[in-house]
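Just so we're aligned: the sequence shown equals residues 40 to 234 in our numbering. Just so you know, even glycine gets a beta-carbon here, dropped at the ideal spot from N, CA and C. The block underneath contains the structure these notes are about, expressed in structure tokens.
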Amino acid sequence: MMADSYKTIAGEGEGYYTEKRSKFLAFAHHVEDAEQVKAIVDRYRKKYYDARHCCYAYMLGPEGLDFRANDDGEPSSTAGKPILGQIKSNGLTDVLIVVVRYYGGVNLGTSGLIVAYREAAADALAHSRVEERLVETVITYDFPYVMMNQVMKIVKDMQPRIVSQNFDNTCQIKLAIRQSLAQELESRLKKLSFE
């Protein structure tokens, strides 16, 4: 059975790391799609246009199946991968971390870079608020007005979130409920139609 909750961060968090005069500014963001990721990364590239590198990693979706790591010119796997590693090791998803590097004139070597990007990303997450969110299923149910009380009793019993409701001659209610309870809610509503 699939888990119906996941951990992400609320809003944003900032982190910082310095090594041999190189400065690593890290920014963690809650994101929900790749377009949002692109817009945020572009914003940091413009804001820190004078920085040597703007590396990032993100993970999306409740199962974390959509992810990407970008080294932005750093040696392969020395930036994006350690950043992504921090998202994974904290069990998070729907998170983007951008790390902006100002070069300090001294080469850090591959192991030094890996440590620097990992620590900067970890610091940004340490300054972020982690929260648990539910994987929800949205159910739309149409019913005649006379069934209002029975429908509302099920809503009261099962406590789904009401997304929208329209009460006219034919009523419609849109309910969001945690995935593991969706089948039960659906079958209880379907039974009403046959009572």
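Excluding the five sequence neighbours on either side, which residues of its own chain have a C-beta within less than 6 Å of the C-beta of residue i, listed in chain order?
i	result
L228	Y180
M40	Reliability of the predicted coordinates at M40 is poor, the pLDDT of 42 falling under 50, and no value is obtained from them.
S116	none
A159	G54, Y56, F63, A65 and V138
Using a Cβ-Cβ cut-off of 8 Å (strictly less than) and excluding sequence neighbours within five positions of residue i, which residues of its own chain qualify?
i	result
E51	F66, A67, H68, H69 and S167
T132	Y45, K46, T47, M98, L99, G100, P101, E102, G103 and I126
D207	Y184
R84	C93
Q204	C210, Q211, I212 and K213
L224	I178, I193, M197, P199, L214 and I216
Just to confirm, is the Cβ distance from residue i to residue j under 8 Å?
i	j	result
L173	D72	no
Q125	A161	yes
V138	I122	yes
V177	K230	no
D110	C94	yes
R200	A221	no
E74	A163	no
In chain order, what residues of the same chain have a beta carbon less than 7 Å from the beta carbon of residue i, not counting five sequence neighbours either side?
i	result
L147	E58, K59, S61 and A155
A49	H69, R168 and E170
G144	R60
N264	In this structure the chain extends from 40 to 234, so residue 264 is not present and cannot be described.
M186	L231
For residue i, which of the options has the nearest alpha-carbon?
i	options	result
S219	F106, Q189 and M197	M197
C210	V190, E223 and R107	V190
D81	I136, A165 and S128	I136
Measure the beta-carbon distance from residue i to residue j and round it to whole angstroms, keeping in mind my assumption that it falls under 8 Å.
i	j	result
Y141	A90	5 Å
G112	A96	About 15 Å separates the two Cβ atoms, so there is no contact after all.
E175	R107	The pair is not a contact, with the Cβ atoms about 25 Å apart (cut-off 8 Å).
Based on the DSSP output, what are the partners of residue i in its beta bridges?
i	result
L214	I178 and I201
R172	Y45
A65	G54 and V138
D105	L99
P183	T209
L131	K46
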